[in-house]
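Peer 1: The structure is given below, and queries will be raised subsequently.
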Amino acid sequence: MLSVLIRSVIIASVFAQGSCSQLKRLQQNHKGRELSNAEIRYLAGLSNTKYTNDILDNILIPRVVGTSNHEKVFNYIKKELQKLDWAIQVDEFEDKTPNFGKLTFKNIIATLNPNADRYLVLACHYDSKYFKNEVFVGRYIRLTVAEDRLDNLKLLRKSKNERYFVKRAFRAHIEDDHIPFLRKNVPVLHLISNPFPDEWHTPGDNRDIVDMNTVENINKILRVFVAEYLNVYTLDEAEENIPEKEL
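Numbering (mature numbering (1 follows the signal peptide of the UniProt record, and there is no 0)) for the sequence shown: -16 to -1, 1 to 231.
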């Protein structure tokens, strides 16, 4: 189900066994749990900016596939996931590239419960684009998304009032590595900047333009989304009655 067209992806799950019809029924019948205001405040308060910056320090470097930097980022991500006691698999394969011929790619697949029937998959790149005459980091391509994934996986063991999602649906025709999932009829929530920032695919696409308020807000949104989708109970009944100022 995971296409080899997906380059160096962090995947927070693997696909389940069972018949297609059974999985389809489970998918159709699945309902998330709406969190209370107290639970949302609790999850929002789990932000750890030091850990966020530690992640960015380790992964926000040029990391073209086949280089020592790419291997360094691979090892860092794998080590962080192992610290969380997730089951780790590495999907390794070779494929042709335009500039360097055949290279080895590695998908890191981390699973919380390998025996589950269905999984919520969180996926993103951890490689960067190659430019012949430029040092390119590629923060906007996927790296803070990778940070979001690591931060939220760790946390699930006050910012500006901005709208992060467009008000309406439209046909954007954005080609990305979620396409193989769609072709396999896997429901996808695709997160990408709209419009693309001016720095996209330029040497200016680096840590200097990271807006930490935005990073933290997206972290909070994803944290709540994952908790609601997976029906995670974050507070017991007693904690539900804690005054807001104490949360």
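Glycine included, C-beta positions come from ideal geometry on N, C-alpha and C. Source: prediction; values computed, not measured.
Quick check on the burial criterion: 16 or more other C-beta atoms within 10 angstroms. Buried or exposed for I202?
Peer 2: Counting from 1 along the sequence shown, the entry for residue 202 is found at position 218. When all chains shown are included, I202 counts as buried.
Peer 1: Can you list, in chain order, the stretches of the beta strand (DSSP E) that have 3 or more residues and sit fully within the region 55 to 102?
Peer 2: 71 to 81, 85 to 95
Peer 1: Would you report the Cα separation of residue 235 and I72, rounded to the nearest angstrom?
Peer 2: One cannot answer for residue 235 here, as it falls past the ends of the chain, which runs -16 to 231.
Peer 1: Pick from Q6, S5, Q11: whose alpha carbon is nearest that of L214?
Peer 2: For the purposes of this step, residue 214 is taken as residue 230 along the sequence shown, with counting starting at 1. Minimum Cα distance to L214 is reached at Q11.
Peer 1: Hey, how far is the Cα of P171 from the Cα of P46?
Peer 2: In the sequence shown, counting from the first residue as 1, residue 171 sits at position 187. In the sequence shown, counting from the first residue as 1, residue 46 sits at position 62. P46 has its alpha-carbon roughly 32 Å from the corresponding atom of P171.
Peer 1: Contact check, H185 vs K86 under 8 Å by CB: the rounded distance?
Peer 2: Start at 1 with the first residue of the sequence shown, and residue 185 comes out as number 201. Start at 1 with the first residue of the sequence shown, and residue 86 comes out as number 102. H185 to K86, Cβ: 24 Å. No contact.
Peer 1: Between which residues of its own chain and L166 is the CB-CB distance below 7 Å, once the five residues before and five after are set aside?
Peer 2: Mapped onto the sequence shown, residue 166 falls at position 182. Excluding residues within five positions, the ones whose Cβ falls inside 7 Å are V172.
Peer 1: For E131, which three-state DSSP category applies?
Peer 2: The residue labelled residue 131 in the question sits at position 147 within the sequence shown. Residue placement at E131 is poorly supported in this model, since its pLDDT is 49, which falls under 50; the coordinates are not used for a value here.
Peer 1: Thinking just about the alpha-carbon of each residue, which of A107, D41, I61 is nearest to the one in P164?
Peer 2: As a first step, residue 164 is located in the sequence shown; it is residue number 180 there, counting from the start. Here the closest residue by C-alpha is A107.
Peer 1: Using the Cβ count rule (16 or more neighbours within 10 Å means buried), how would you classify I193?
Peer 2: For the purposes of this step, residue 193 is taken as the residue at position 209 of the sequence shown. By the 10 Å Cβ count, I193 comes out exposed.
Peer 1: Locate the alpha helix (DSSP H) running through Y217, then write down its first and last residues.
Peer 2: Along the sequence shown, read from residue 1 onward, the residue named residue 217 stands at position 233. Note, Y217: premise wrong, no alpha helix (DSSP H); not H, not E.
Peer 1: Just how far apart, CA to CA, sit A100 and H162?
Peer 2: Looking up residue 100 in the sequence shown gives position 116. Looking up residue 162 in the sequence shown gives position 178. Cα to Cα, A100 sits roughly 22 Å from H162.
Peer 1: If you draw a straight line from the C-alpha of Y60 to the C-alpha of N13, how long is it?
Peer 2: Within the sequence shown, residue 60 is the residue found at index 76, counting from 1. Within the sequence shown, residue 13 is the residue found at index 29, counting from 1. Cα to Cα, Y60 sits roughly 37 Å from N13.
Peer 1: Is K142 helix, strand or coil when you go by DSSP?
Peer 2: The sequence position of residue 142 within the sequence shown is 158, counting from 1. With a pLDDT of 35 at K142, under the threshold of 50, the predicted position of this residue should be treated as unreliable, and no value is reported.
Peer 1: What residue does the alpha helix (DSSP H) around P164 start on, and which one ends it?
Peer 2: Mapped onto the sequence shown, residue 164 falls at position 180. Here the alpha helix (DSSP H) through P164 covers 163 to 167.
Peer 1: What is the DSSP secondary structure of T33, counted as helix, strand or coil?
Peer 2: Here residue 33 refers to the residue found at position 49 of the sequence shown. Correct three-state label for T33: helix.
Peer 1: When you compare the CB positions of residue 234 and L27, do they come within less than 8 Å of one another, or not?
Peer 2: Residue 234 cannot be examined here, being either before or after the span of the chain that is shown, -16 to 231.
Peer 1: Consult DSSP for Y124 and reduce its assignment to one of helix, strand or coil.
Peer 2: The count along the sequence shown starts at 1 and reaches residue 124 at position 140. Confidence at Y124 is low in this model, with a pLDDT of 42, below 50, so its placement is unreliable and no value can be given for it.
Peer 1: Let me confirm a value: R207 is counted as buried when at least 16 other C-beta atoms fall within 10 Å, else exposed. Which label applies?
Peer 2: For the purposes of this step, residue 207 is taken as the residue at position 223 of the sequence shown. So R207 ends up on the buried side.
Peer 1: One question on the structure: do E200 and S31 come within less than 8 Å of each other, judged by their Cβ atoms?
Peer 2: The residue labelled residue 200 in the question sits at position 216 within the sequence shown. The residue labelled residue 31 in the question sits at position 47 within the sequence shown. A contact, by the Cβ cut-off of 8 Å.
Peer 1: In three-state DSSP terms, what is Y114?
Peer 2: Numbered from 1 along the sequence shown, position 130 holds the residue referred to as residue 114. Coil at Y114, not helix or strand.
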